[in-house]
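> Chains as they are written, first to last, in the numbering used here: chain A, 14 to 195; chain B, 5 to 166.
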Amino acid sequence: MSRSRPAPSRPLESLLNSELFTLTYGALVTQLCKDYENDEDVNKQLDKMGYNIGVRLIEDFLARSNVGRCHDFRETADVIAKIAFKMYLGITPSITNWSPGGDEFSLILENNPLVDFVELPDNHSSLIYSNLLCGVLRGALEMVQMAVDVKFVQDTLKGDSVTEIRMKFIRRIEDNLPAGEE
Amino acid sequence: MADEALFLLLHNEMVAGLYRAAEQGEGENGRCTTKLESMGFRVGQGLIERFTKDTARFKDELDIMKFICKDFWTTVFKKQIDNLRTNHQGIYVLQDNKFRLLTQMSAGKQYLEHAPKYLAFTCGLIRGGLSNLGIKSIVTAEVSSMPASTTHSCNECVQEDD
């Protein structure tokens, strides 16, 4: 179901590149829905796949963006929204709703490129379509020693006006030396 | 503007994920290739629709195949097909000497047997693209040495009434 979109100002190639990814992701979710009977399993599988992608994506990201170490969670949030999302998905979500302790924030995506051409049918109301993103963020941050919890709070596919992802910092992961080493 | 790296990673994870699930489940390996191919088919259909929205009508089958080799391949894999051969009777062989989905793997014999898993999606992509251009085809691929891949497309033209 094609949504009307503004006339593309980007060159055809970059437009099609993002459509390749969007279409592939759509085919993947459709296949998973066929393979697993219930939405919860699909969500889990998407999260797991996202995690595996995230642990590799972080390397590509660090190699290309040359960003140094982030000193606190706020910096991390900035880097994620302004550099990472822009680099990979071409969008810049806004950061809002910081918790008083500074360990939780929300990413607001006005438009989510993953859901172009997508409609959720009624029998999949508990499917978190873009759950891959949660896994990617979780996996990527784990590789830079941060354990986070990522989840979707609002989703345009379910009728909300924006897509909101809530990220919560859990703890810093210490490097564990193998047993027996100093 | 989804980055190329993202698609590569997603594709590799799809292959890995499907095979992982198959191992834990029924263990029917053949079905994984079919699933990947049919995913590629859906994507190919959609992509070719978006792509050819504004292009001129194709003159004949060879024209379509050349389009696949040049514009389509360039958009998806950032390079053109290196070699296109045909017997002018519906069989086309597309040769890519540096197939992007395989360049990340070590060039040698070690992973040669796993390479076809990574080609299934692309075969479906081509088949889907051709199908929406009015050509029914069977697309197979083989890897004789990493990272070169050869795709065989057996076409029969379907007359379209517009």
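Ideal Cβ placement from N, Cα and C applies to all residues, glycine included.
Report, in whole angstroms, the separation of the C-beta atoms of A/GLY63 and A/CYS147, which I expect to be a contact under 8 Å.
Against the first sequence, residue 63 of chain A aligns to sequence position 50. Against the first sequence, residue 147 of chain A aligns to sequence position 134. Going by Cβ atoms, the distance from A/GLY63 to A/CYS147 rounds to 6 Å, so yes, they are a contact pair.
> Once DSSP output is grouped into helix, strand and coil, what is the label at B/SER110?
Within the second sequence, residue 110 of chain B is the residue found at index 106, counting from 1. Three-state DSSP puts B/SER110 in coil, outside helix and strand.
> Would the region 122-132 of chain A count as touching the region 26-35 of chain A if we require 3 or more Cβ pairs under 8 Å?
Because the criterion of three Cβ pairs below 8 Å is met, the region 122-132 of chain A and the region 26-35 of chain A touch.
> Thinking A/GLY67 and A/LEU120 are a contact (beta carbons under 8 Å), I'd like their distance in whole angstroms, please.
If you number the first sequence from 1, residue 67 of chain A lands on position 54. If you number the first sequence from 1, residue 120 of chain A lands on position 107. The pair is not a contact, with the Cβ atoms about 15 Å apart (cut-off 8 Å).
> Can you name, in chain order, every residue of its own chain whose Cβ lies under 8 Å from the Cβ of B/LEU129, other than the five neighbours on each side?
Sequence index remark: in the second sequence, residue 129 of chain B carries index 125 (1-based). GLY44, PHE45, VAL47, GLY48, LEU51 and VAL80.
> Note down the Cα distance separating B/GLY138 from B/PHE76, rounded to an integer number of angstroms.
Residue numbering aside, residue 138 of chain B sits at position 134 when the second sequence is read from its first letter. Residue numbering aside, residue 76 of chain B sits at position 72 when the second sequence is read from its first letter. Going from the Cα of B/GLY138 to the Cα of B/PHE76 covers about 16 Å.
> Determine which residues share a DSSP beta bridge with B/HIS156 and list them.
Position 152 of the second sequence, counting from 1, holds the residue named residue 156 of chain B. Answer is B/VAL97 and B/THR144.
> What did DSSP end up calling A/LYS181 once you bin it into helix, strand or coil?
Within the first sequence, residue 181 of chain A is the residue found at index 168, counting from 1. A/LYS181: strand per DSSP, three-state reduction.
> By the 10 Å Cβ neighbour count, where 16 or more other Cβ atoms means buried, how is B/ASN87 classified, buried or exposed?
On the second sequence, residue 87 of chain B is found 83 positions in, with the first residue counted as 1. Under this definition B/ASN87 is an exposed residue.
> I need the boundaries of the alpha helix (DSSP H) containing B/ASP67, first residue and last residue.
If you number the second sequence from 1, residue 67 of chain B lands on position 63. Residues 65-71.
> From the DSSP secondary-structure annotation, give me the bridge partner or partners of B/ASN87.
As a first step, residue 87 of chain B is located in the second sequence; it is residue number 83 there, counting from the start. In DSSP, B/ASN87 forms a bridge with B/GLN99.
> So, does the region 89-97 of chain B touch the region 108-117 of chain B, judging by three or more C-beta pairs under 8 Å?
Judged by Cβ distances under 8 Å, the region 89-97 of chain B makes no contact with the region 108-117 of chain B, as fewer than three pairs qualify.
> Suppose the cutoff is 7 Å on Cβ atoms and the five residues either side in sequence are ignored; what does the same chain contact list for A/LYS181 look like?
One-based indexing of the first sequence puts residue 181 of chain A at position 168. Same-chain partners within the cutoff: ASP116, GLU117, VAL161 and ASP162.
> So what does A/ASP162 bridge to, in DSSP terms?
Start at 1 with the first residue of the first sequence, and residue 162 of chain A comes out as number 149. Paired residues: A/LYS181.
> Would you call the region 166-185 of chain A and the region 52-62 of chain A touching, i.e. three or more CB-CB distances under 8 Å?
No, the region 166-185 of chain A is not in contact with the region 52-62 of chain A.
> Identify whether B/GLU164 lies in helix, strand or coil by the three-state DSSP scheme.
Sequence index remark: in the second sequence, residue 164 of chain B carries index 160 (1-based). Caution is warranted here: a pLDDT of 40 is assigned to B/GLU164, below 50, making its placement in the model unreliable, and the coordinate value is therefore given only provisionally. B/GLU164 falls in the coil class under three-state DSSP.
> Under a three-way DSSP split, which group does B/THR126 fall into?
For the purposes of this step, residue 126 of chain B is taken as residue 122 along the second sequence, with counting starting at 1. Correct three-state label for B/THR126: helix.
> Looking only at C-alpha atoms, which of B/ASN101, B/THR90 and B/GLU41 sits nearest to B/LYS191?
Residue 191 of chain B is absent from the model: chain B starts at 5 and stops at 166.
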